[in-house]
Each structure stands twice: as structure tokens, then as C-alpha cells.
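Student:
2 protein chains.
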Amino acid sequence: MPQTIGVIGGGQLARMMIPPSVNLGLGLHVLAETEGMSAQLAATDVGDYRDAATVLAFAPTVDAITFDHEHVPQPILRELVARGYQVHPGPDALLYAQDKILMREKLTELGLPVPDWAKVANQDDLQTFLDAHNGKGVLKTARGGYDGKGVRIISDAAEAADWFAALAEDANGGHLLVEELVDFRRELAQLIARRPSGQSAAWPVVETVQKNGVCAEVLAPAPGSEGRIAEVAADIAQRVADGLGVTGVLAVELFETSDDRILINELAMRPHNSGHWTIEGSVTSQFEQHLRAVADLPLGSAALRSPHTVMINVLGGPAEGVMEDLYPEVFAQYPEAKVHSYSKLPRPGRKIGHVTVTGEHIDDVAYQARAAASLFDR
Amino acid sequence: MPQTIGVIGGGQLARMMIPPSVNLGLGLHVLAETEGMSAQLAATDVGDYRDAATVLAFAPTVDAITFDHEHVPQPILRELVARGYQVHPGPDALLYAQDKILMREKLTELGLPVPDWAKVANQDDLQTFLDAHNGKGVLKTARGGYDGKGVRIISDAAEAADWFAALAEDANGGHLLVEELVDFRRELAQLIARRPSGQSAAWPVVETVQKNGVCAEVLAPAPGSEGRIAEVAADIAQRVADGLGVTGVLAVELFETSDDRILINELAMRPHNSGHWTIEGSVTSQFEQHLRAVADLPLGSAALRSPHTVMINVLGGPAEGVMEDLYPEVFAQYPEAKVHSYSKLPRPGRKIGHVTVTGEHIDDVAYQARAAASLFDR
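As they're listed, the protein sequences go chains A and B.
Take the first sequence: its letter number 277 is residue 277 in full-length UniProt numbering, and every next letter is one higher.
Take the second sequence: its letter number 81 is residue 81 in full-length UniProt numbering, and every next letter is one higher.
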């Protein structure tokens, strides 16, 4: 019998697992938050992933459980494992994607390169850190942040008053994370997939460009990364994956600093926006590789299919109608562009799709991808 | 609103339209013959395509109708058109894929290169043709043949006695088609897609290798076809598509004869086994292109993504269990292989999946694809 993979969460990451599941003949069951989500076609259950009964009813319908996001509460994850279900990544690994303070502690313990950081309980502690770092820092809530949310660049501890007040009201109490404001040349991302039995495969490191804290474009491989940068990035990702016991796809967001260090920014334990280029750009896409890893099947080749691949997010979309309304114009002008729609309604800043172009010449590839994507945003 | 494409027939061709429909955000509704077919995931209706009421109930749920096969009866197709539904390819074109005698007549009228042929009503007519062609011929029923069925190589008209007897019992009467037994060096296939508004795009011509009358492997592009052969094949397909008014993907099966002619063997007006390589081997797969064409959207680039692509069918499959049971072994040995399962139960000779490999060196690519596919067949 083919295995059936269960995905908790019905967003575009779950959606993009549908094509490889169809190709491979693996079953795919999605527990979606609501009706009509991006992964609707594979949605077999609809319910709240924070409700243990909902998740425990979904689990027996599949052979292995994975995720569209990292937000399933630890007690539910641990109950799944206790009942003998395959969960990838497991709760011990996911913890580090859910809590940025635990992540920084663990990476530091493993001797991995991270920005200077501190766990702060009050404004005084925070000001002490800022004073030691040129008066500046990046303040982060330990939990709940993504796409720039829960992150604030500050130059005075007083700017954190509201977050400390919120922490004080929270019965669990807690801390904030402050990190040095890294002077970086650019941001990179290193993706790797790892099976429960340990085999792993890394894609070439890519450059990511953010706009307003959201990933806007990805250049694969990162220009000029051949050689040492690629080795360092792959080595970091391998040590994170092994050290944290990650299964499935792991994305390690990196800073390439102005003084030539590679530092770990964030982790994601699932297919990631910085890997959408792999659908066309790699022999095995991150979505197929994630299914293989979660099913504990041998991983596919992560080799490049073209010298250059550029992926541009569609952020927002047309002022009226939907992305698909613009296909006549986009397709006519850019026959090389691979257009991906997440079947989401346009809304300012919302990720509703992406465009990928592959080819020999980075400038031409990037131009076509940007120009095609920009036709959707107006 | 995104368009929804309706596919009549739930086989693997409909199944392989699912990934591009997900990528593009186009709706896909499949009218499947039974529950549990290959395209089950997209099946919105189940019923008999030969039943007008079933098809007419399906039609209003979609924006354009296309097919997994060519067997929908003409009266139903014509009723759909009469009621204003978009049908691609339309009945006037499909007729030539449904009836081989009409196809030969039309191609001859268009001045296209075909083997010598005759429409024969009895053994005497047939013997006359055989006598004029070295005593040999290929006898075909006008309708209902595929994958070698309804085709018989004969050297005596008496060998056709049972087929003539069957025709005599059929109230519609009718004829058989006899063609010269072409002395060919190899078989080729030329695929082209054409929009209702006339734009067309052709993939490079490929070589197909049949075993027991069934397509077993496809080499893309056809070795040594650069230059004149590619031009001739593309020109033939363009003239067939325009001359017959085909919309969607058209496959033209060709003979490259031992005396260096290119002759038309068969036509198929839908994605075709000889085009499965395009999923990985071309910028736009035949399945995405078919959806674009049927939706009358501008076509994508049909350029190669690799110098060589080889596709091998999985014919039969394992003696016990299903294809997916062999993934641990196949994936471990062939990480470059792209494996496609149609979620069909193995049966001797049955097409249950295929394997594609792309790369720089034809011998290596062909070896990997054949070796990986062969692991499934035992």
C-alpha cells in the first residue's frame, strides 16, 4: 500500500505538496483550518489544530504527520508521539522553531554561529544589552512571529515597554529575545532535507531579498556563492539538522555579514518560501523531498536543473479580481515564466502566488521573473 | 474568476493535468467512468461518457470541456456544441481521431504524407491491395483501436474473414482500412498544441519505441533529428493541426522510413504517452499546455530543459503489491529518476506509471531511466 502523508494546516505549503503526491502516487490528507483554503483539493478534515481531539481524529487516517506551519501546540505533538504516530519533524525538534529563545540557546550550545543575543526579562536588562551593542538591537518575541511580525528594531529599551507589559500580563511570564543588529551584506538561505533514519540532502545556498520583512525574491544559487560560502552554509544546515534532530525540510536563514561571517538568523522546519524555486530549479523539489523525508523514503537528487533560477513572490496582487484574470497578458509576454497561484484573494502585502524563471543568464532570468510577477501587482 | 476545465475520462492523462491545474490555480473537474480511477482526486462526477444526460449534467459545471480519451460519441459532442459549451478539441476535429478511414481520407486530401492505403469492403478488395503491395498489409478497424488493438498485420485476405463477418453483422455496415506495411527505420512522434484562436507551439520531435504494439520508451529529442527531420515533422504537425482544426494537444505518430520518408501513422487529440517526457523535459509540459490551450490562454514555451530526456513506461508492474512498495529500492539506487505512479493496480502489460530522467548524456540518461523502470517490472 502507498503511504498517506497527513499535513496539518491548509496553506500554500500544503497545496504545493499536492503535485508531487500525485506524481508519486502517495496519499495526501490535509487538516485545513477552514473550508476553501489554499490546499482545499487535498483537505480531508477541517478543524482547529489547537484542538487535541481534532488532531487526534485526523492522525489515524495517515501513515505520517507533517505540517504547513510550526504552530501546533507541544502538548498535542507529544500526545501524538505517545500514541505511536509518526510525527515529522517531531516535537523535540519543532520546539526550536516555535521558541526563538530556546533556538538561540540550543544553537549556542552546539557552537553554531549566531548573532550576539540575550534573553531579557525587563527594560533594564534590555538597556544593558543595547549599551553593549552600539545602542541598537533587534527585539523579538520568543513565540508567534513570522514574516517580520514579532520583530522590532530598537535603539532604546523604552520602545519595548508595551511588549514587557504584555509579558507581565501573561500568566506564563517569560522573556524577550534581543539580538545584535547585524550589519549584513545580504541574506542567504540554506535548505536541507533529512530523513528519520538520518540521510540528508542539501540544495545549493540561495540569496533571499526581503521587502518590509517579507521574502520578495530568491536567487538560486546565491550569486558568487560557489566555493567557500556554499560549503559553510551547507555545513551549518547539516549541523543544525543533526543537532536538533530535524526530519523533513529545514530552512536555515542566514546573514552574510559585512565582515564576512555567516550567521544563523531564523529556522523553519517545513518547506519554505526560500525553496519554492526548487519546483523548477532542482531535480527534486522541496515539496517532493519533504514528502520523501516524512515517509522515510530515500531522498532525491537536490542538484540544479539550470545554471540560474529566480523566484519572485506575488505580494498583494491585482486591485480588482484575481491573479488568474491577468494570465492572458502575463502568459503572452512571458512564455518562459512558471506561474504559481495559491488560489488566494488579493490583499495588500499578502503572498498569493509566485513566478519562477530558469535559464543560463542571471540578468535575463531575473528580469523576466520580476517583470512577469510585477504584472500581477497593481 | 479562474477558469475551470472539465475533463471527460478519469485515466492517467486526466490525472497528470492535476499538477499544472494546482500550479496555475485553474479549476479541474473530471467526469470519471467509475470511482477510484487514476484521476480520482479531481473527480467531481462519476458516470458513463456515452450517456448524453450524464455529460450534459457535467458540462454546466465547467468553462471548457476536454478529454482523457477520444471515445465520446459524436452526437453527444455535437449537442454540447449546439448548447454553446466550449469543447476542445471540437467534434469536427475529433472525428478524425475517432475514425481512421476518415483520417486517411482527410490527410490525403490535405496532401500530407501517409502510407499507401485503401478502404476495403470485402476480401476481394483487400486481396487486390495486398497483391499490389508485395502481398502484405496492415489491416485496421476504422474505430475503437488503440495500443495495438484493432490492428493486424496480414499476408492473405482470408486472415480478415472474422473482421469482415463482424462488419456484416453490424447494422451500420462499414469498411476496414488497409495500409502498406511500411518498412521503417524507427517511429517518431511530433506533439503540438493549438489554441482555439489559432496560436500553436510545437515540442521537438521525439523517437518512440514500441513493445508489443504499446509505447515503451521515448527519447527526446529524437537522436539525430536536429535539422531537416525536426523541420519536416513540425511542419506536418502544424498542417494537421490547422487543417483539421485541432485545439488542445495533438500527437502525430510518424514513421521514418528506410527510404528516408516521414509518413503519418496515427493521430491523437489529447496529451499523449509520447509527451510524458515534457513534464520534466520541457519548460511547459504537455499537460499544462493542454490546459492553457483549452482555456484559450497564451501558450507557454515548448523549449527543452535539458539536452536529453528519456521516458520509460512501467508496463505491468510488480507481481505482488504496488509500484510504491518498491520506492525504497528504486529511490536509493536512482536519485535522479522522476517516478510517476498512476495509482493503478499492476497487471501484465498494463501502463501503471512511468520514469523520466533528464541530463547531458543520452546513454547515461537512457540507462538510468531503463534501469529504474525495470525495477518496477518483475
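Even for Gly, the Cβ is constructed at its ideal location relative to N, Cα and C.
None of these values were measured; they are calculated from a predicted model.
#1: From which residue to which residue does the beta strand (DSSP E) around B/LYS338 run?
#2: Tell me whether A/GLN199 sits in a helix, a strand or coil according to DSSP, three-state version.
#3: What beta strand (DSSP E) runs, 3 residues minimum, are completely inside the segment 82 to 135 of chain A?
#4: Could you give the DSSP three-state label for B/ALA230: helix, strand or coil?
#5: Out of B/ASN313, B/GLY27 and B/VAL182, which has the shortest C-alpha to C-alpha gap to B/GLY135?
#6: Grab me the residues of B/LYS211's own chain with a C-beta within less than 8 Å of its C-beta, minus the 5 sequence neighbours each way, in chain order.
#7: Considering Cα atoms alone, identify which of A/ALA43, A/PRO20 and A/MET37 is closest to A/LEU31.
#8: Measure the CB-CB distance between B/HIS354 and B/MET311 and report whether it falls below 8 Å.
#9: Between A/MET103 and A/LEU267, is the Cβ-Cβ spacing less than 8 Å?
#10: Check whether chain A comes within 8 Å of B/SER285, counting only Cβ atoms and requiring the distance to be less than that.
#11: Run down chain A in chain order and give the residues with a C-beta less than 8 Å from the C-beta of B/ALA332.
#12: Would you identify the three-state DSSP class for B/SER282, choosing helix, strand or coil?
#13: Under the three-state reduction of DSSP, which class applies to B/ASN175: helix, strand or coil?
#14: With a Cβ-Cβ cutoff of 8 Å, do B/ARG143 and B/GLN190 count as a contact?
#15: Using a Cβ cut-off of 7 Å, pull out every chain C residue sitting near A/ASN23, in sequence order please.
#16: Among the residues of its own chain, which have a CB less than 7 Å from the CB of A/GLU329, if the five just before and after it don't count?
#17: In or out: B/SER21 buried (at least 16 other Cβ within 10 Å) or exposed?
#18: Using CA atoms only, rank isn't needed, just tell me which of A/ILE76, A/PRO113 and A/PHE129 is closest to A/ASP156.
#19: Quick check on this structure: which residue in B/PRO348, B/LYS338, B/SER343 and B/PRO346 has the alpha carbon closest to the alpha carbon of B/ALA372?
#20: Using a cut-off of 9 Å between C-beta atoms, extract the partners of A/MET1 located in chain B.
#21: For the segment 251 to 339 of chain A, list the beta strand (DSSP E) runs that are entirely contained and at least 3 residues long, ordered along the chain.
#22: Have a look at the DSSP bridge pairing and note the partners of A/THR34.
#23: Who are the neighbours of B/LEU31 on chain A, taking C-beta pairs under 8 Å?
#24: Measuring alpha carbon to alpha carbon, tell me which residue in A/ARG50, A/ARG186 and A/GLY198 is nearest A/THR208.
#25: Using the rule of at least 16 other Cβ atoms within 10 Å of the residue's Cβ for burial, across every protein chain shown, is B/ILE352 buried or exposed?
#26: A/HIS354 bridges to which residues according to DSSP?
#27: Find the residues of chain A that neighbour B/SER301, judging by a C-beta separation of less than 8 Å, and give them in chain order.
#28: Could you tell me whether any Cβ in chain B is nearer than 8 Å to the Cβ of A/ARG347?
#29: Would you say A/PRO89 and A/MET269 are within 8 Å of each other, going by their C-beta atoms?
#30: Near B/VAL114, which residues of its chain fall below 7 Å by C-beta distance, leaving aside the five closest residues on each side in sequence?
#31: For A/GLN3, does the three-state DSSP call read helix, strand or coil?
#32: How many angstroms separate the CA atom of residue 412 of chain B from the CA atom of B/PRO73?
#33: In whole angstroms, give me the CA-to-CA distance for B/ARG228 and B/LEU254.
#34: Between the segment 280 to 298 of chain A and the segment 192 to 199 of chain A, do three or more beta carbon pairs fall short of 8 Å?
#35: With a threshold of 8 Å between beta-carbons, can A/THR80 be considered close to chain B, or not?
#36: With 16 other CB atoms within 10 Å as the buried threshold, where does A/THR309 fall?
Tutor: Looking at the atomic coordinates:
#1: That run of the beta strand (DSSP E) goes 338 to 341.
#2: A/GLN199 carries a coil assignment under DSSP once its states are collapsed to helix, strand and coil.
#3: With a minimum length of 3 residues, the unbroken runs of beta strand (DSSP E) contained wholly in the segment 82 to 135 of chain A fall at 117 to 120.
#4: DSSP places B/ALA230 in helix when its eight states are reduced to three.
#5: Out of B/ASN313, B/GLY27 and B/VAL182, B/VAL182 has the C-alpha closest to the C-alpha of B/GLY135.
#6: Cβ neighbours of B/LYS211 beyond the five flanking positions: LEU315.
#7: Considering only A/ALA43, A/PRO20 and A/MET37, the residue with the shortest C-alpha distance to A/LEU31 is A/ALA43.
#8: Contact check for B/HIS354 against B/MET311 passes: the beta carbons are separated by less than 8 Å.
#9: Result yes, Cβ atoms of A/MET103 and A/LEU267 sit closer than 8 Å.
#10: No, B/SER285 does not count as interfacial toward chain A.
#11: In chain order: PRO298.
#12: Correct three-state label for B/SER282: strand.
#13: In the sequence as displayed, the identity of residue 175 of chain B is His instead of Asn. Reduced to three states, the DSSP call for B/HIS175 is coil.
#14: No, the Cβ-Cβ distance between B/ARG143 and B/GLN190 is not below 8 Å.
#15: Among the protein chains in the structure shown, which are A and B, there is no chain C.
#16: Here the set comprises LEU375.
#17: Using a 10 angstroms sphere on the CB of B/SER21, the tally of other CB atoms reaches 16 or more, which defines it as buried.
#18: Minimum Cα distance to A/ASP156 is reached at A/PHE129.
#19: Taking only the C-alpha atoms, the option nearest B/ALA372 is B/LYS338.
#20: Result: GLY321, VAL322, GLU324 and ASP325.
#21: Taken in chain order, the whole beta strand (DSSP E) runs of length 3 or more contained in the segment 251 to 339 of chain A are 262 to 268 and 308 to 315.
#22: None, per the DSSP bridge assignment.
#23: Result: empty, since nearest Cβ-Cβ is about 17 Å, beyond 8 Å.
#24: Closest option to A/THR208, Cα to Cα, is A/ARG186.
#25: With 16 or more other Cβ atoms within 10 Å, it is buried.
#26: Bridge partners of A/HIS354: A/ASN313 and A/HIS340.
#27: Simply PRO335 and GLU336.
#28: Not one chain B Cβ lies under 8 Å of A/ARG347.
#29: Less than 8 Å separates the beta-carbon of A/PRO89 from that of A/MET269.
#30: The residues are ARG104, LEU107, THR108, LEU263 and ILE264.
#31: When secondary structure is reduced to three states using DSSP, A/GLN3 falls in the coil class, being assigned neither helix nor strand.
#32: Shown here, chain B extends from 1 to 378; a query on residue 412 of chain B therefore has no answer.
#33: Taking the straight line joining both Cα atoms gives about 15 Å.
#34: A contact exists between the segment 280 to 298 of chain A and the segment 192 to 199 of chain A.
#35: The sequence shown places Leu at residue 80 of chain A, not Thr. No, A/LEU80 lies away from the interface with chain B (no Cβ there is under 8 Å from its Cβ).
#36: That one is buried.
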